[in-house]
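Just below is one structure, and these are the notes that go with it.
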Amino acid sequence: GENVEQHPSTLSVQEGDSAVIKCTYSDSASNYFPWYKQELGKRPQLIIDIRSNVGEKKDQRIAVTLNKTAKHFSLHITETQPEDSAVYFCAAKETGANNLFFGTGTRLTVIP
Amino acid sequence: DTGVSQDPRHKITKRGQNVTFRCDPISEHNRLYWYRQTLGQGPEFLTYFQNEAQLEKSRLLSDRFSAERPKGSFSTLEIQRTEQGDSAMYLCASSLGPRSGGTDTQYFGPGTRLTVL
Numbered sequence: 001g002e003n004v005e006q007h008p009s010t011l012s013v014q015e016g017d018s019a020v021i022k023c024t025y026s027d028s029a030s031n032y033f034p035w036y037k038q039e040l041g042k043r044p045q046l047i048i049d050i051r052s053n054v055g056e057k058k059d060q061r062i063a064v065t066l067n068k069t070a071k072h073f074s075l076h077i078t079e080t081q082p083e084d085s086a087v088y089f090c091a092a093k094e095t096g097a098n099n100l101f102f103g104t105g106t107r108l109t110v111i112p
Numbered sequence: 113d114t115g116v117s118q119d120p121r122h123k124i125t126k127r128g129q130n131v132t133f134r135c136d137p138i139s140e141h142n143r144l145y146w147y148r149q150t151l152g153q154g155p156e157f158l159t160y161f162q163n164e165a166q167l168e169k170s171r172l173l174s175d176r177f178s179a180e181r182p183k184g185s186f187s188t189l190e191i192q193r194t195e196q197g198d199s200a201m202y203l204c205a206s207s208l209g210p211r212s213g214g215t216d217t218q219y220f221g222p223g224t225r226l227t228v229l
């Protein structure tokens, strides 16, 4: 099955700086890559996703890039704010499969 | 609230007892998933339903676990003879499949936190 690795496990940035979280996947058949934000004690919330026919997608301060050749994808958050502090999970879904394979998460702390 | 809901939010039980959790998906979603999340880890897939049919089960789903979605709407997850290793957050997610006009994006519920003493 798919194996998703995520780095770093913790990340601290000053408010206003950018944050980048990277994930790699093992199965070249994976074609869907969502990112979820999970605040303490709350549900994972989808913040952005990308499909394999696109190399980059942006939504306001959040962007995701995908390199299919290298089998890695990254989350970029610009102009970070304290409310961006949370655990972020990347995930991948194989073509024809139904479930998501998640990374181990990145705890982002934005220092005011 | 039109999101995925789960009940109960917290459950404390003694080892050996049976527990049952409920998930109510987003109303028009035909697909439903159960995941388990332990501290410091990402969610791990347990099982998947399309309408009322259980189409996929992870090897994590031992014989003590059973899930149902009898009318293609809400789902239940039962754990029999609970063990301390079952302590985790049990998350439910739902999606609208592409053949039904959706994008198959999975939306998660708030989870049921199970503690087995």
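Line order of the protein sequences matches chains A and B.
Numbering of the first sequence is given in our numbering, commencing with residue 1 and proceeding in unit increments.
Numbering of the second sequence is given in our numbering, commencing with residue 113 and proceeding in unit increments.
C-beta: ideal position from N, C-alpha, C; glycine also.
Keep in mind it's a predicted model, so treat the numbers as computed, not measured.
| query | result |
| --- | --- |
| Can you give the Cα-Cα distance for Thr80 (chain A) and Ala19 (chain A), rounded to whole angstroms? | 7 angstroms |
| Where does the unbroken beta strand (DSSP E) through Ala92 (chain A) begin, and where does it stop? | 86 to 94 |
| For Val110 (chain A), which of A:Lys93, A:Glu94, A:Asn98, A:Val87 has the nearest alpha-carbon? | A:Val87 |
| With 7 angstroms as the limit, tell me which residues of the region 39 to 52 of chain A have their beta carbon closer than that to any beta carbon of chain B; keep them in chain order. | Lys42, Arg43, Pro44, Leu46, Asp49 |
| So who's on the other strand from Lys71 (chain A), going by DSSP bridges? | According to DSSP, Lys71 (chain A) bridges with nothing at all. |
| Can you find a CB in chain B that lies within less than 8 angstroms of the CB of Leu100 (chain A)? | yes |
| Looking at the structure shown, is Asp27 (chain A) part of a helix, part of a strand, or coil, going by DSSP? | coil |
| If we ignore side chains and look at the alpha-carbon of each, how far apart do Glu140 (chain B) and Ala200 (chain B) end up? | 28 angstroms |
| Taking CB distances under 8 angstroms as the criterion, tell me whether Phe73 (chain A) reaches chain B. | no |
| Does the beta-carbon of Lys58 (chain A) have 16 or more other beta-carbons within 10 angstroms, so that it is buried, or is it exposed? | exposed |
| I think Ser187 (chain B) touches Leu144 (chain B), with their Cβ atoms under 8 angstroms apart; what is that distance to the nearest whole Å? | 5 angstroms |
| Can you give me the start and stop residues for the beta strand (DSSP E) that Glu156 (chain B) sits inside? | 156 to 162 |
| In the DSSP output, which residue or residues are listed as bridge partners for Arg143 (chain B)? | B:Gln162, B:Ser207 |
| Along chain B, which residues have their Cβ under 7 angstroms away from the Cβ of Phe33 (chain A)? | Chain B residues near Phe33 (chain A): none, gap ~12 angstroms exceeds 7 angstroms. |
| DSSP three-state call for Asp59 (chain A): helix, strand or coil? | strand |
| Where does Gln118 (chain B) sit, in a helix, a strand or coil, going by DSSP? | strand |
| Run down chain A in chain order and give the residues with a C-beta less than 8 angstroms from the C-beta of Leu167 (chain B). | Asn98 |
| Does any residue of chain A have a CB that is nearer than 8 angstroms to the CB of Tyr202 (chain B)? | no |
| Step through the CB atoms of chain B and report whether any lies within less than 8 angstroms of the CB of Thr95 (chain A). | no |
| Can you look up Pro34 (chain A) in the DSSP assignment and give me helix, strand or coil? | strand |
| Look at the alpha carbon of Ala91 (chain A) and the alpha carbon of Gln218 (chain B), and state the distance between them as a whole number of angstroms. | 11 angstroms |
| Residues of chain A with CB closer than 8 angstroms to the CB of Thr217 (chain B), please, in chain order. | Pro34, Leu46, Asp49 |
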